[in-house]
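Beneath this line is the structure, given in structure tokens, with notes to follow.
What follows is the structure, encoded as structure tokens:
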């Protein structure tokens, strides 16, 4: 048992006291305040009354699943409380599982000493090698938290023999502790062993990345160069290869090999010209005085992709000076001018494109883009451009967009018959957006029966889109876009759908799991989750998606098993794989495509701040795809993608002590911050969901400015007029997702 065997059981009375109290204390709402509370990772106490509201299952197996979800959410105190009654279960297997979960909860809550004692007790008493191995992993994590990296590494390595299927992952976990303990030579040798035995290429890459980091820290250029060579042999993703080539070029520069450096910078650009590494490689070539070796059109495209729009304008201008026939350069320069803030010049160039390059396929799009930008400043001029598209480029996608925008302008000024005439052809052709608005024009003209018929067609055509869902709203009599009340939310109804499906196939969940675990990748993924190694488990989940690709039933059940444990992000990925696979019923696929993340935490946060948990779930799906560690290009973090400065301000308002920006990656904290931010926006905009969602994405100042410049009480017009494409798409996706969640809740 490594370090645990060497006398780290000196505080056994603490462990015994914790076990006795937790095993015997009642967990009913009347007595729950008498239980010891394990501190949360961020050092913040649970809110008064929050624990009492938690409903815990009577069934010990379900209780352990709930504890796993709470632990995955970062709610270690509640996880410990849910586990408590199971510590005295009659089934010894459940008792051991409960103690392992309690140890992980204590570790997450900051009590590494108690976690170590519990892990040691399990390792000493467990009869199964698997549970003993998991106890050693937890002991290693606890020792690491106590500042004993050498002993932690010993525990990780001792667990290898007991958990051979994940041995390379345990070796990988031991790498940094070995280096911290001054045993770098052992870590270096272990890297080679991991690369040779890794079940996945991703693990081999991760091990070599550790070596790369060590070499960087000590300035060991030969080792760094050699490691980059090996990583390039393994790497397949173009953007990652470009970043490796960029770094290798810089190393070669430091070593005095300018020719090799130039070659690698050029290769980085060739590998992934739209990646951030390509722009940096171009800068390196410019510093060497050889940027002109990259063709001017490539340079311009790189700068544009990197968001360096003023530089891109200069590059596109040079390209057009050498070859005025380059229509794509003219178009991209115009867009770059707009994005750089030179709106007038950008609109002028977009408008001129149809004169200079009338046959180019981008010309009608340029006119529509210019007209859309003009709408906010000069509606008559925009209308002229839209009509030009209709006359000069009939039958194009741009012409359909021009008709739609002209219809909006007519509808907004009360010319409902004109709007109806503009929308009718596209509505009859099956466009759900046109059908929805055609119905609105009919309703405004006093034809409610015809309006309902067209809204029905819009919904049937695309029930999952924003306009399809808005059609359903109006058919249901919902004229305003507000939150809907929701029944008590849990995973129970979701489970019923899955279990009924399996029952209809003559199967049950336990048998389906046994079948799944005959495949290596899902088996390893579940074991890694048991060990608390979530990132590595995600690598194996992705491998399992490939291995189970031709077994959709097993893949769907695997997704459900992950969701049960709180891994909504991984379940959602599997839902995407199965989205159109009719071998799995739509109602089962829908649960994976619209999962309820961390339901206990989600409901508590929503109740605290007065928002619908399903709205928060839809927002999380769009913001992060349920991935707790997500980081946006702008720096927003976590499930709800709150910016660090906003998170810090919300934390102060909520009275969270010891705030650390890393806390945004804890699901429980991110959900609370997102719920608080959402509640503020709902209050500010009087419950209007469209304005609320737009402000969550673009900021309340932008929304207030749009309303001031183009006032409307029609939520549909507001959505159609949002000038930021990203925000318009965001509002539509979150709202449509929200309504879809409600449909599933009703079906459940």
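Residue numbers (the working numbering): 164 to 911.
Yeah, the Cβ is synthetic: ideal placement off N, Cα and C, and Gly gets one too.
- In the structure shown, residue 346 falls within a coil segment according to DSSP collapsed to helix, strand and coil.
- The three-state reading of DSSP puts residue 805 in strand, counting E and B together.
- Collapsing the DSSP output to three states places residue 751 in a helix.
- Counting only runs of 4+ residues, the alpha helix (DSSP H) found wholly inside the region 435-470 occupies 439-450, 459-468, in chain order.
- Across the structure, residue 667 and residue 660 are spaced so that their CA atoms are roughly 11 angstroms apart.
- Inter-segment contact for the region 268-280 and the region 318-334 is absent: fewer than three beta-carbon pairs are separated by less than 8 angstroms.
- The region 631-647 makes no contact with the region 681-696: fewer than 3 CB pairs, one atom from each, lie closer than 8 angstroms.
- For residue 692 and residue 733, the gap between their C-alpha atoms comes out near 12 angstroms.
- Beta-bridge analysis with DSSP links residue 354 to no other residue.
- Look at residue 800 here: in three-state DSSP terms it is strand.
- Looking at the backbone, the Cα of residue 658 and that of residue 751 are separated by about 10 angstroms.
- Nearest in C-alpha terms to residue 366, of all of 699, 721, 819, is 699.
- By the Cβ criterion, the region 789-801 is not in contact with the region 811-820, since fewer than three pairs of Cβ atoms, one from each stretch, lie closer than 8 angstroms.
- Beta-carbon to beta-carbon, residue 338 and residue 350 are separated by about 5 angstroms, close enough to satisfy the 8 angstroms threshold.
- Taking C-beta atoms under 8 angstroms as the contact rule, residue 494 and residue 534 fail to qualify, at a distance of about 15 angstroms.
- If you compare the alpha carbons of 776, 499, 724, 710 with that of residue 363, the shortest gap goes to 710.
- In the DSSP secondary-structure assignment, residue 249 is not bridged to any residue.
- In this chain, the alpha helix (DSSP H) harbouring residue 387 covers 384-397.
- In this model, residue 809 and residue 803 are separated by some 12 angstroms (Cα to Cα).
- Per the coordinates, the alpha-carbon of residue 347 lies some 28 angstroms from the alpha-carbon of residue 295.
- According to the DSSP assignment, residue 833 belongs to the alpha helix (DSSP H) that extends over 830-847.
- Counting along the chain, the unbroken alpha helix (DSSP H) around residue 603 starts and ends at 595-607.
- The C-beta distance from residue 836 to residue 805 rounds to 5 angstroms, short enough to meet the 8 angstroms contact threshold.
- In this structure, residue 568 sits away from residue 553, with a CB-CB distance that is not shorter than 8 angstroms.
- Three or more beta-carbon pairs separated by less than 8 angstroms link the region 297-313 to the region 261-272, which places the two stretches in contact.
- As the crow flies, the alpha-carbon of residue 572 is around 22 angstroms from that of residue 644.
- About 20 angstroms separates the CB atoms of residue 434 and residue 478; that is not less than 8 angstroms, and the two are not in contact.
- Taking all protein chains shown into account, residue 340 has 16 or more neighbouring C-beta atoms within 10 Å of its C-beta and is therefore buried.
- Under a 10 Å Cβ-count criterion, residue 612 is classified as exposed, with fewer than 16 other Cβ atoms of the shown protein chains found around its own Cβ.
- Look at the region 710-751 and you find these whole runs of alpha helix (DSSP H), each 4 residues long or longer: 715-727, 731-740.
- For residue 897, the closest alpha carbon among the candidates 629, 228, 308, 259 is that of 629.
- Its Cα nearest to that of residue 584, the residue 605 stands out among 875, 605, 609.
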